[in-house]
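Colleague: Going by full-length UniProt numbering, the sequence shown opens with residue 1, and the numbers climb by one from there. Just so it is clear, CB atoms sit at the ideal spot from N, CA and C, and this is done for glycine as well. Just so we're clear, the structure is a prediction, and the values are computed from it rather than from any experiment.
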Amino acid sequence: MLDNHDTEYKIPESFLFAPFSTKRKTFKKLDMVDIDDILSKELFYFDMLHLVSNQLSKDPPWENSEITVKAVIQQWKMLEPDLQISYAKRKPNLEVESVSIQSISLFLLALFWANNTPIKSLNVKEMMVSELKLKPVNCEERLLFILNKPTGYHSFIQLQQLFAELEKNYYKTLAIQGLKQKKEITAYE
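1. If you compare alpha carbons, which of 103, 30, 38, 112 is closest to residue 158?
2. For residue 171 and residue 164, what's the separation of their Cα atoms in angstroms?
3. So, helix, strand or coil for residue 27, using DSSP?
4. If we ignore side chains and look at the alpha-carbon of each, how far apart do residue 89 and residue 18 end up?
5. For residue 180, which beta-bridge partners are listed by DSSP?
6. Have a look at residue 15 and residue 96 and give me their C-alpha separation to the nearest angstrom.
7. Between residue 48 and residue 108, what straight-line distance do the alpha-carbon atoms span, to the nearest angstrom?
8. When you compare the CB positions of residue 122 and residue 71, do they come within less than 9 Å of one another, or not?
9. Going by DSSP in three states, residue 149 sits in which element: helix, strand or coil?
10. Provide the residue span of the beta strand (DSSP E) that contains residue 8, from first to last.
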C-alpha cells in the first residue's frame, strides 16, 4: 500500500479542457498546508480533490476565502508584471503561454472561492458562472474570449480587468459583511 503522500488520483474529466489540460492524467495527494506551496505545485488541487475523494480537507479554501482569495490575488500580482513586460516587448513565447494559463487558472480560483464554492469543471459552459453571486460584468463571455486565445494581448488586458473588478467587488462585499456583523454585535449589547 502507498504512503498517504504517494496517493495518486485520476484528474477528473471535467478538468481536462484546453488550455488547462496537460499530458498528465493523475495528480498526487499533497501533504502541505501552506496555500502558496500547494498552488505552486497543483493549481486546481483542492477542487479536483473535492471531486475525486471523500477525504475533503478540513478547511477547504472556498470556505476560508478571506485568506485564500487574498493569496490567489497576491500570486496574480506577482505574475502580472512579467506578462506585461513580455507583451510590451512583443515577444510571446512558451513561458508567456504557461504564465498566461497559470494566470487564468488563478482568476478562476479567485472567482469561485470568493463565491464560497469549488470549481467543478474547467469548461466555461459547464461552470455556471451566471449563477455566481460575486462576479465581474459579462464574466462568462469575457472568459470565453480569453480562453479562445489565452496568449493574446487583448486577452491579457481582459484578464487584468477581470481581476481588478473581482478584487474590488470582493473587498467591497467583505467590508459590507463586516459592517453587518458589527451592527449585529452592537444591537445585542
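Modeller: Taking the geometry as given:
1. Nearest of 103, 30, 38, 112 to residue 158, Cα basis: 103.
2. Rounded to the nearest angstrom, the two C-alpha atoms are 11 Å apart.
3. Annotated three-state conformation of residue 27 is strand, per DSSP.
4. Annotation: residue 89 to residue 18 spans about 26 Å, alpha carbon to alpha carbon.
5. For residue 180, DSSP assigns no beta-bridge partner whatsoever.
6. Rounded to the nearest angstrom, the two C-alpha atoms are 21 Å apart.
7. About 13 Å.
8. At a Cβ-Cβ threshold of 9 Å, residue 122 and residue 71 do not count as neighbours.
9. Shown here, residue 149 sits in coil according to DSSP, grouped into three states, outside any helix or strand.
10. Run containing residue 8: 8-10, per the beta strand (DSSP E) assignment.
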